[in-house]
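Visitor: Here it is, the structure in full.
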Amino acid sequence: SGNLDINDINADSVDITNVSGRINAVCKQAGEVSISSVSGKTNVSGNYRELDTETVSGATEISVGKDVMSIDCDSVSGSIDLSVNKEISGFKVKHESVNDSFECDFSGMAQVDEFVYGDKKTEIKLETVSGSMSVMKSPN
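In the numbering used here, the protein residues as written are 441 to 580.
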């Protein structure tokens, strides 16, 4: 219980878990990042290769760099918002939700439960029971 602020993560693998509190993780150079949260906002940014998040009752906000290989986000009740580096070469998003709320501001090909942009190098999977999902261009 309580907020977790973790900065300058430099590891091949990191596993972060919190109950009833915010998680703010800033990766300096990370390989696999795994985050689990019950009742609290999750915020991830920086340089990482793979990201896996699981949240129950809380928003997930992720900053996606151009060299990310895979992202897998699961949420029971909460939005999942990705801010993607506009210089990324491409990604493929598989998205699934009960209310089918998915938004993307990249120009690509939208299909049922899937969105493709560029070379599809980065694999993104978003799944929520109750909440919106978005993939937006990073402002910087």
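Beta carbons are placed, not taken as given, at the ideal position from N, Cα and C, and that holds for glycine.
Predicted model, so just to flag it, every value in this text is computed and none were measured.
1. Given a cut-off of 7 Å on the beta-carbon distance, is the pair S477 and D492 in contact?
2. Quick one: grab the DSSP three-state call for I528.
3. State the beta-bridge partners of N483 as determined by DSSP.
4. Could you check how far apart the C-beta atoms of V538 and V569 are, in whole angstroms? I think they sit under 8 Å.
5. Name the residue from S572, G558, K577 and S578 whose alpha carbon lies nearest to the alpha carbon of G498.
6. Would you call the CB atoms of G505 and R489 closer than 7 Å?
7. Can the beta-carbon of K577 be found closer than 7 Å to that of K534?
8. Please state the DSSP three-state secondary structure of F546.
9. For V538, report the span of its beta strand (DSSP E) as first-last.
10. Any idea what DSSP makes of S578, helix, strand or coil?
Guide: To lay it out plainly:
1. no
2. coil
3. N464 and E501
4. 5 Å
5. S572
6. no
7. no
8. coil
9. Neither: V538 is in no beta strand (DSSP E) and is coded neither H nor E.
10. coil
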